[in-house]
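Chains A and B, in that order, give the protein sequences. Each residue of the first sequence is one higher than the one before, counting from 15 in our numbering. Each residue of the second sequence is one higher than the one before, counting from 15 in our numbering. For every residue, glycine included, the Cβ atom is placed at its ideal position computed from N, Cα and C. Since this is a predicted model, take the numbers as computed values, not measurements. A quick write-up on the structure given underneath.
Number of protein chains: 2
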Amino acid sequence: MPNNQFKKSELYSFITGKASTAIARRLQKNFKQNGIDITIEQWSVLYHLWKEDGLSQQQLCDATFRDKPSITRLVDNLEKLQLVKRVASKDDRRINMIYLTPSAQELQAQSMELANQTLNEALEGVTHGQVEIAKEVLQKVYENLS
Amino acid sequence: MPNNQFKKSELYSFITGKASTAIARRLQKNFKQNGIDITIEQWSVLYHLWKEDGLSQQQLCDATFRDKPSITRLVDNLEKLQLVKRVASKDDRRINMIYLTPSAQELQAQSMELANQTLNEALEGVTHGQVEIAKEVLQKVYENLS
DNA sequence: GGCATATAGTTGTTTAAGCAACTATCTAAA
DNA sequence: TTTAGATAGTTGCTTAAACAACTATATGCC
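What follows is the structure, encoded as C-alpha cells:
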C-alpha cells in the first residue's frame, strides 16, 4: 500500500483529535481539583510567557497557533484575572508587550507539575520510542499543512 | 529513561494538539472551496449517520466524543440546515432518532472524498508504519484517560 | 513630505465546548 | 402501585475559535 493511501475509517480519529481533547479535559480537571482556576487555553498562553516574558500578542499568536482575535480575547481574560498586563511598546506603538504578574509567576511550578503528571497518566504503557514516532508524525502533519 | 518520564517541552504539542487542529482547518478550507457549507463538527455528526442512519443523540455523543448539550446544539443546527430530522422513538419517548435528509445523503460522496484528500495532504511523506504507531499511541492515550 | 502598503491589534458575528441545572420518561424495587 | 433512581434530552451561562471588517501605527518608495 502506498504511503499516502489509507482507509477512511482508520484515519478518522486523526481529524477528530480524540486524544488531544482527552488530554486537555484531563488537564483541565486536574487544574480544577488543585484549585487552579484557569482554562487550558489561558494556560497555553501563560506557558509561553513563562518560557519568555514580555512577548507581543503577535508572538503569542505564532507560539500558540492561534489567530489575532483569539489572542486579543485570551489576553483580555488573563488581564481580568490579573495574571498578565499589557504594556505598550515604546519602540513601536502598535505593539503590546504582555508581561506576567506575580500571581501568574506563582502558578508556574504547580501547573507545570500538573501538566507533567497529566501527560504521564496519558502515556501510561506507551514506550518512549512510540511517543517519539507519534511526535514526528504529528510534527510532519503540522508542517505539511502550514 | 523510564517510559513515563519525559521532558516538558517535548510533550507540549500533545496537549495543544496543533496537528489535529491543522487537519481540521485544512478540511474546513477544502469544504469551503468546494462549496460545502458545513462545519467540521457538523460533518463529524453526519459521518456517523452515513455509517448508520437513525442513531439516537446519546449514540451520537458516544460516537463523536461530545457531551449531550453539544450534540443537542449540533443537531439543532443540522436541522436548521435541513440535513437531518429528529424523529421521536416509539419504543422510548425520551429518545430522538436522528435521520439524514436526502440533501445530507448527497453530501456524503464529495465530503468523504475531500476528507481523504485532506488526510493524504496531511500525511505526505509519512510512512504507513509510522501512521500505525501514531494511531496506536493516540488510541492508548484516549483509553488511559477514559 | 506624501502616499501606498504592510503590520499589530480590536470588534462583531456565528458556531461550538464544557459545565451545571433542569424536565420528561423509563425502570426497578418495596 | 408508588416511589427512588437512572437515562435522554434541553437550556443557560461563560469561554473560545474562525472569519471578516475595522483602526492605528509603521515602513518604504516616489
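Where the stretch 63–97 of chain A meets chain B: residues whose CB sits under 9 Å from a CB there: Lys65, Thr78, Phe79
For A:Ile52, the three-state DSSP class (helix, strand or coil): coil
Integer Cβ distance of B:Leu159 from B:Ile112, believed to fall under 8 Å: No, B:Leu159 and B:Ile112 are not in contact; Cβ-Cβ is about 27 Å, not under 8 Å.
Nearest candidate by alpha-carbon position, reference A:Trp64, set A:Val101, A:Asp105, A:Met126: For A:Trp64, the nearest C-alpha among the options comes from A:Met126.
Presumed contact (8 Å Cβ cut-off) between A:Val98 and A:Thr115, rounded CB distance: In this structure, A:Val98 and A:Thr115 form a Cβ contact; the two beta carbons are roughly 6 Å apart against a cut-off of 8 Å.
Where A:Ala38 meets chain B, residues with beta-carbon distance less than 9 Å: Ile29, Thr30, Gly31
Of the residues A:Val59, A:Leu41, A:Arg87, A:Asp90, the one placed nearest A:Thr132, counting alpha carbons only: Closest in alpha carbon position to A:Thr132, among A:Val59, A:Leu41, A:Arg87, A:Asp90, is A:Leu41.
Beta-carbon neighbours of A:Ile147, restricted to chain B and to distances below 7 Å: Gln144, Ile147, Ala148
Residue nearest to A:Arg80 in terms of C-alpha spacing, selected from A:Val155, A:Val59, A:Glu138: A:Val59
Alpha helix (DSSP H) segments (min. 4 residues) lying fully within the stretch 69–114 of chain B: Those alpha helix (DSSP H) runs which fall completely within the stretch 69–114 of chain B and span 4+ residues are 71–78, 82–94.
N- and C-terminal bounds of the alpha helix (DSSP H) containing B:Leu128: 116–136
Proximity to A:Glu157 [Cα-Cα], best of B:Ser34, B:Ile29, B:Asn91: B:Ser34
B:Gly143 - DSSP class collapsed to helix/strand/coil: helix
Inter-stretch contact (C-beta, 8 Å, three-pair minimum) for the stretch 143–151 of chain B and the stretch 138–154 of chain A: yes
Environment of B:Val101 [buried if 16+ CB atoms lie within 10 Å]: exposed
Whole-angstrom distance between A:Thr141 and B:Ile91, CA atom to CA atom: Reading off the sequence, residue 91 of chain B comes out as Asn, not Ile. Their Cα atoms are separated by approximately 42 Å.
Cβ of A:Glu55 within 7 Å of any chain B Cβ: no
Contacts that B:Lys154 makes with chain A (C-beta to C-beta distance below 9 Å): Ala33, Ala136, Leu137, Glu138, Gly139, Val140, Gln144
Backbone secondary structure at B:Glu157 - three-state DSSP: helix
Cutoff 7 Å: A:Val59 Cβ touching any chain B Cβ: no
Where B:Ser160 meets chain A, residues with beta-carbon distance less than 8 Å: Ala36
Selected residue, minimal CA-CA separation from B:Ala118, among B:Gln71, B:Asp106, B:Ile52: B:Ile52
Test: B:Val151 CB closer than 7 Å to a CB of chain A: yes
Integer Cβ distance of B:Leu137 from A:Val155, believed to fall under 8 Å: 7 Å
Rounded separation between A:Phe28 and A:Gln71 - CA only: 30 Å
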